[in-house]
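Trainee:
2 protein chains.
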Amino acid sequence: MNMFNMADKTFLTKRQLEVFVRRERGETLAEIARALGTTRSNVCAIERAARKNIERAYRTVRLVESLLYESVIIISPGTDLYDIPGLIYRRADELGIKVRMSGPMLLRFIVEQCAERLRNREVLREISVAIDSDGNVSIL
Amino acid sequence: MNMFNMADKTFLTKRQLEVFVRRERGETLAEIARALGTTRSNVCAIERAARKNIERAYRTVRLVESLLYESVIIISPGTDLYDIPGLIYRRADELGIKVRMSGPMLLRFIVEQCAERLRNREVLREISVAIDSDGNVSIL
DNA sequence: ATTTTGTTGAATGAATATGTTTAACATGGC
DNA sequence: GCCATGTTAAACATATTCATTCAACAAAAT
């Protein structure tokens with residue numbers, strides 16, 4: 003049991019919450035380390051973990067909302083990599099959304115995120131791309 | 003490595019996302035189990051885990067926003083009185099909050115509320131200023 | 001120049017999470 | 001009754017996270 007994170011309500015540990023709040027108040031790593039009886043580097047690590055979890059929570063919420071409220075584009079195996087930006091722009095146009103990425107940026111993004119689903123220019127496994135109403139593109 | 007959750011972006015594993023999306027589309031446990039090569043009860047468990055993670059992500063976001071949006075600014079001894087409005091505006095900007103007081107109004111407000119913590123232009127004892135999400139400023 | 005402050009990487013033990021199987025149970029439709 | 005559907009609990013192996021320490025480094029403040 004983790005007696006510190008009562009009830010699994012959030013993704014922040016009691017320790018992470020304590021450090022996060024104190025840091026937001028402007029306390030220094032050394033002050034917090036003294037108060038919690040540990041080291042600066044440990045407090046630093048805990049803060050890093052807290053912010054990572056917060057970022058992940060935001061991304062999770064955005065992902066779920068994009069699934070529930072926005073558009074998902076399914077890119078089938080066999081599609082040519084270079085056709086993907088066009089597919090995304092076309093769908094965005096249909097929805098009246100301006101994509102916040104240029105064509106080349108989109109290409110690089112896809113390659114980065116889906117390297118293992120591509121071979122040269124060919125899509126091997128289905129790729130699901132979400133566009134939210136702000137024009138943010140994400141891979142599901 | 004968890005080959006299922008590319009890149010630690012969210013709190014949903016690939017499996018959880020797949021099950022969640024299919025369920026949202028109305029697919030039945032048995033259908034999904036067949037498609038993923040496993041059992042109904044397993045799909046059920048995965049869906050439960052997915053929804054638990056989503057709920058936790060929402061709670062995390064709400065917790066963090068409640069911490070950030072009712073923000074407390076600590077003004078340390080030694081601060082120049084005339085720097086205080088700037089500190090408050092900067093923090094408000096970071097939070098995307100518009101302060102409902104002009105600079106001179108803020109100054110007069112501070113002087114009125116904290117006379118005994120000031121000597122001429124210098125802050126003698128720490129002052130805690132709160133801004134709420136409506137931009138209202140108060141001394142704690 | 002020294003101290004404070006924040007960061008990073010590696011390593012570690014303990015705690016949690018994940019996906020899985022199997023067996024059982026409840027409900028509603030036909 | 002029979003079947004499809006959804007749920008639950010126990011148990012398990014593997015994977016991941018958490019807090020921690022220690023050593024080292026860079027930047028900023030004193």
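These protein sequence lines map, in sequence, to chains A and B. Under the working numbering, the first residue of the first sequence is numbered 3, with each subsequent residue one higher. Under the working numbering, the first residue of the second sequence is numbered 3, with each subsequent residue one higher. Virtual Cβ for every residue (Gly too), placed ideally from N, Cα, C.
Between K38 (chain B) and chain A, is any beta-carbon pair separated by less than 8 angstroms?
Mentor: Position check: residue 38 (chain B) holds Leu in this sequence, whereas Lys was assumed. Closer than 8 angstroms: no.
Trainee: Who are the neighbours of K11 (chain A) on chain B, taking C-beta pairs under 9 angstroms?
Mentor: Ordered by position in chain B, the residues that pass the 9 angstroms Cβ test against K11 (chain A) are E57, R58, R61, T62 and L65.
Trainee: What residues in the stretch 98 to 123 of chain A have a beta carbon less than 9 angstroms from any beta carbon of chain B?
Mentor: Residues Q115, C116 and E118.
Trainee: In chain B, which residues lie less than 9 angstroms from V23 (chain A) when you measure between Cβ atoms?
Mentor: Correct list: L69.
Trainee: I need the straight-line Cα distance from R36 (chain A) to R121 (chain A), nearest angstrom please.
Mentor: Answer to the nearest angstrom: the Cα atoms are 53 angstroms apart.
Trainee: Helix or strand or just coil, what does DSSP make of R1 (chain A)?
Mentor: Residue 1 (chain A) lies beyond the range of chain A shown here (3 to 142); nothing can be said about it.
Trainee: Just to make sure I have the definition right: I need the residues of chain A whose C-beta is within less than 8 angstroms of the C-beta of I76 (chain B). Which are they?
Mentor: Within 8 angstroms Cβ-Cβ: R27 and G28.
Trainee: Rounded to the nearest angstrom, how far is the Cβ of K11 (chain A) from that of R61 (chain B), given a contact under 8 angstroms?
Mentor: Yes, K11 (chain A) and R61 (chain B) are in contact; Cβ-Cβ is about 5 angstroms, under 8 angstroms.
Trainee: Mind reading off the beta-carbon distance from E128 (chain B) to S78 (chain B)? Whole number of angstroms is fine, and I expect it under 8 angstroms.
Mentor: Between S78 (chain B) and E128 (chain B) the Cβ distance is about 6 angstroms, and since that is below 8 angstroms, they are a contact.
Trainee: As an exercise, report each continuous alpha helix (DSSP H) stretch of at least 4 residues that is fully enclosed by the stretch 68 to 106 of chain B, in chain order.
Mentor: With a minimum length of 4 residues, the continuous alpha helix (DSSP H) runs that stay inside the stretch 68 to 106 of chain B are 86 to 97.
Trainee: Counting along the chain, where does the alpha helix (DSSP H) carrying E20 (chain B) start and finish?
Mentor: From DSSP, the alpha helix (DSSP H) with E20 (chain B) extends over K16 to E26.
Trainee: Apart from the five residues on each side of it in sequence, which residues of its chain come closer than 8 angstroms, Cβ to Cβ, to R42 (chain A)?
Mentor: For R42 (chain A), where only same-chain residues beyond five positions count, the Cβ hits under 8 angstroms are L31, A32 and A35.
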